[in-house]
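Mind the numbering: the sequence shown is residues -22 to -1, 1 to 253 in mature numbering (1 follows the signal peptide of the UniProt record, and there is no 0), read in order.
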Amino acid sequence: MKKNRIMIAAVLAGIMALSVGCGGSSSTANNNKTKKDPNAIQITGNVRSKNVESISLGVPMDVSVGVSDVFVKEGQEVKKGDKLLALNLNDFNAYVNKEQNQIDVENLKKDKITDDDQKKLEQKTIDGLTDELNATKNKLSQSYISGNNIICDMDDAVVTNIGYSKGDTLNSQVKIVKLEDLKNIQVVAKAPEENINDIKEGQSVTITSQAYSGKSYKGKVTYVGKSVISSSSASIGSDSSSGSDDDSYIPVEISIDDNDGKLLPNASVDLEIKR
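Listed below in C-alpha cells is the structure:
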C-alpha cells in the first residue's frame, strides 16, 4: 500500500513539473515577441540601396575587350579599391594606337598644304579624329577602372550581378558588374490605399527584421507617393517591394537612421509607422 502511494506521488510530481515547464516556455516565448502598437500602421517593405552602380565600358563596336579573370562572386561584400574583374585590353590599345597614327599622318599632310582654305579643312579632319580618340581614351578614365582592372569605387558595397565569366567578350547589351552601396540604404514599401491619408513625410518608423532575431531600427518616412498605383499596371520590376497584396497601393520610402551595416539589400522587413 505504501509503495502504491509513493508511485502516485511521483506521477503527480512529474505532471506538475511538466505543466510548470510548459508554462514557463510559453511565457518566455511571449516575452520575446515584439509588441505591436495597435495605433500604428503595420506594413512590410524591402531594403534597397539608394546608390546602385551598373558598370559598363562602352567601347567602339569594332573593338574587342575580353574578360581575363573574375575575382568576386555575386553577393560578395567589397571595399573601395578591391579588384572585381580583369580585362584584356590588347585590342583596345591597338585601336587607340591606330587612331593616333591616323592623326599623325593627317598632321603631316596638313604641314605640306600651302593653301589656307585647304589647310583649314584638313585641320577640321584632325580635330574630328582627335575628339573621337579622346572619347575612346576616356572610357578607361573612370573611377571604377584601374589599369586593366574593374575595381570597386564605393567605400562599402555588395556585388549583386556579374554579367560575364572568365574568357567572355564584352558586348554593349550586357553590363559588366552591378554594385549596391551598403552605407546608403533605405526601405521601400507599398502602403495600402486605405492609408493614403495616414502616412506623411516625417513620421517615425520602427523597422524590424526576423532574419536578425527581431532587431529593431529607427527611421522616418522620407517620401510618400502622390498617386495611387495599381499593382496590375505597375512596372516597377525588381526594385518593387512586397508590402501589400492589395490591387492598389501608395509607394513609400523610409530612411534607416541607425544603420549598422547588417541590413542587406533586398532583405524583407516589418514596418511600424507611427500615426
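Note that the Cβ used here is the ideal one computed from N, Cα and C, for glycine as well.
Once DSSP output is grouped into helix, strand and coil, what is the label at residue i?
i, result
"leucine 107", "helix"
"glutamate 179", "coil"
"alanine 245", "coil"
"serine 5", "For serine 5, the predicted model reports a pLDDT of 39, less than 50, meaning its position is unreliable; a value from the coordinates is still stated below. In this structure, serine 5 counts as helix in the three-state DSSP scheme."
"asparagine 116", "helix"
"tyrosine 227", "strand"
"tyrosine 122", "coil"
"arginine 253", "coil"
"alanine 18", "coil"
"glycine 23", "strand"
"valine 202", "strand"
"valine 30", "strand"
"glycine 239", "coil"
"isoleucine 129", "strand"
"isoleucine 234", "coil"
Since I believe residue j is in contact with residue i (beta carbons under 8 Å), could you give me their beta-carbon distance rounded to a whole number of angstroms?
i, j, result
"tyrosine 201", "glutamate 231", "4 Å"
"isoleucine 174", "valine 206", "7 Å"
"asparagine 244", "valine 56", "About 17 Å; that fails the 8 Å criterion."
"lysine 88", "isoleucine 104", "7 Å"
"serine 208", "aspartate 225", "6 Å"
"leucine 242", "valine 136", "7 Å"
"glutamate 52", "threonine 138", "7 Å"
"glutamate 179", "valine 199", "5 Å"
"tyrosine 142", "valine 45", "5 Å"
The ligand SAH heavy atoms versus the CB of residue i: any closer than 7 Å?
i, result
"isoleucine 19", "Absence of the ligand SAH from the depicted structure is noted, as is the absence of any ligand whatsoever, leaving it without description."
Tell me which same chain residues have a C-beta within less than 7 Å of the C-beta of residue i, skipping the five on either side of it?
i, result
"aspartate 60", "Ile129, Cys130"
"valine 17", "Sequence inspection shows asparagine at residue 17; the valine mentioned does not correspond to that position. Cβ within range, chain order: Arg253."
"glutamate 161", "Rather than glutamate, the amino acid found at residue 161 in this sequence is lysine. If we look at lysine 161 and ignore the five residues flanking it on each side, its Cβ neighbours are Asp133, Asp134."
"lysine 58", "Cys130, Asp131, Met132, Asp133"
"tyrosine 122", "Ile33, Ile128, Ile129, Asp131"
"tyrosine 190", "Lys240"
"aspartate 176", "Ile19, Arg253"
Would you call residue i buried or exposed, if buried means 16 or more other Cβ atoms sit within 10 Å of its Cβ?
i, result
"alanine 113", "exposed"
"glutamate 250", "buried"
"methionine 39", "exposed"
"lysine 92", "The residue you asked about is not lysine; residue 92 is threonine in the sequence shown. Exposed, because fewer than 16 other Cβ atoms sit within 10 Å of the Cβ of threonine 92."
"threonine 147", "exposed"
"valine 152", "exposed"
"serine 150", "exposed"
"serine 27", "buried"
"lysine 115", "exposed"
"glutamate 158", "buried"
"lysine 168", "buried"
"glutamine 181", "buried"
"glycine 197", "buried"
"glycine 67", "Reading off the sequence shown, one finds leucine at residue 67, where the question assumed glycine. Buried, since its Cβ has 16 or more Cβ neighbours within 10 Å."
So, at 8 Å on beta carbons, what are the nonlocal neighbours of residue i in its own chain, with the 5 sequence-adjacent residues on each side left out?
i, result
"glutamine 80", "Leu107"
"valine 47", "Checking the sequence, you will find aspartate at residue 47 rather than valine. Same-chain partners within the cutoff: Leu63, Ala64, Lys144."
"glycine 36", "Lys117, Ser150"
"serine 213", "The predicted position of serine 213 is uncertain, since its pLDDT is 49 and thus under 50; no value can be drawn from it."
"lysine 193", "Thr186, Ser187, Lys240"
"leucine 86", "none"
What does a CB cutoff of less than 6 Å around residue i pick up in its chain, not counting 5 residues either side in sequence?
i, result
"leucine 65", "Val43, Asn126"
"glutamate 31", "Leu157"
"valine 155", "Ile33, Leu62, Ile140"
Item to check | In chain order, each alpha helix (DSSP H) run of at least 4 residues that lies wholly inside the segment 79 to 104 | outcome: none
Checklist entry - Fully enclosed by the segment 134 to 199, which beta strand (DSSP E) runs are 3 residues long or longer? => result 134 to 140, 155 to 159, 163 to 170, 182 to 187
Item to check | Ordered list of beta strand (DSSP E) runs contained in the segment 43 to 81, each at least 3 residues | outcome: 44 to 48, 55 to 57, 61 to 66
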